[in-house]
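Count the sequence shown with the numbering used here and you get residues 11 to 225, in order. Heads up: the structure comes next, in structure tokens.
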Amino acid sequence: MNWFIEFNNSSIGRKIQVAAMGLLLCAYMVIHLFGNLFVYAGKGTFNHYAEVMESNPVLPAIEIALLGVFLCHISVALYSWILNRRARPQGYQAWRSSGGQTLSGKAMTASGLVLLTFLGVHVRVFRFADRGDDLYGLETATLASKPLAVFYLLALAALFPHLQHGFQSAFNTLGVNHPKLNSLIKPASSIFAAVIVTGFASIVVYISFLQGGRP
């Protein structure tokens, strides 16, 4: 047991934790986007999907597990960042990863903090609001606020580099690091990030700017 604790406290162990939990969160994003796309089918279909999901008896356990994964992901990532800053308080004069430092790599910490702020707002609005049985009505009423809609779009802009870099680096951290595979993973990470961000952004634009927030 001691070796397991020591490994998880090591820099490699922390990287693996962040990578594994990051991929779990990527899987959740796919499922979450799939459900939200039902908004295009109209109020009845969207609310029926929400009712089916919320009637699942294991949903509370899934939400708690998901919250735990997210909190561990962000806390371990921030802890590693703090340790790196303490180890090199003056910063790197020149640093490059195996594939060269990318803009998305530099933006991971900043985008993560933006997304943490967004998550707090999103959960407050959609999980703890008094919406009755009309989730569709809550979503359209919420996104009728143009400032809030713009905030969502800015958060999605921050999500893109986080997903793009995180998806690719997670596989490398977990040992998937071969020239042929890397040539596939790199564009796949960009496509994955683009699909997720575009999907959610389209919903915001559709409800707030095209529908005008009408139910």
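Backbone N, C-alpha and C define an ideal beta-carbon position, used for all residues, glycine too.
| Check | Outcome |
| --- | --- |
| Where Thr127 falls, given that 16 or more other Cβ within 10 Å makes a residue buried | exposed |
| First through last residue of the alpha helix (DSSP H) which encompasses Pro67 | Neither: Pro67 is in no alpha helix (DSSP H) and is coded neither H nor E. |
| Minimum C-alpha distance to Ala198 - residue among Arg96, Asp144, His175 | His175 |
| Cα-Cα separation, Cys82 to Tyr38 | 15 Å |
| Which of helix, strand or coil DSSP assigns to His249 | Past the edges of the chain, shown from 11 to 225, lies residue 249, and the structure says nothing about it. |
| Beta-carbon gap between Val207 and Leu164 smaller than 7 Å | no |
| Nearest-angstrom beta carbon gap, Asp140 and Asn57 [assumed within contact, 8 Å] | Rounded, the Cβ-Cβ distance is 16 Å, inconsistent with contact. |
| Glu149 classed as buried or exposed, judged by whether at least 16 other C-beta atoms fall within 10 angstroms | buried |
| Rounded Cβ spacing between Leu35 and Phe80 (contact assumed at less than 8 Å) | 6 Å |
| Cα-Cα separation, Lys53 to Ala180 | 37 Å |
| Proximity of Ile201 and Gln178 at Cβ, strictly below 7 Å | no |
| Rounded C-alpha distance that separates Val131 from Leu166 | 13 Å |
| Limits of the alpha helix (DSSP H) - the one that Gly130 falls within | 118–136 |
| Of the residues Tyr146, His172, Asn94, the one placed nearest Thr55, counting alpha carbons only | Tyr146 |
| Cβ shell of Gln103 (< 8 Å), same chain only, five flanking positions each side left out | Reliability of the predicted coordinates at Gln103 is poor, the pLDDT of 44 falling under 50, and no value is obtained from them. |
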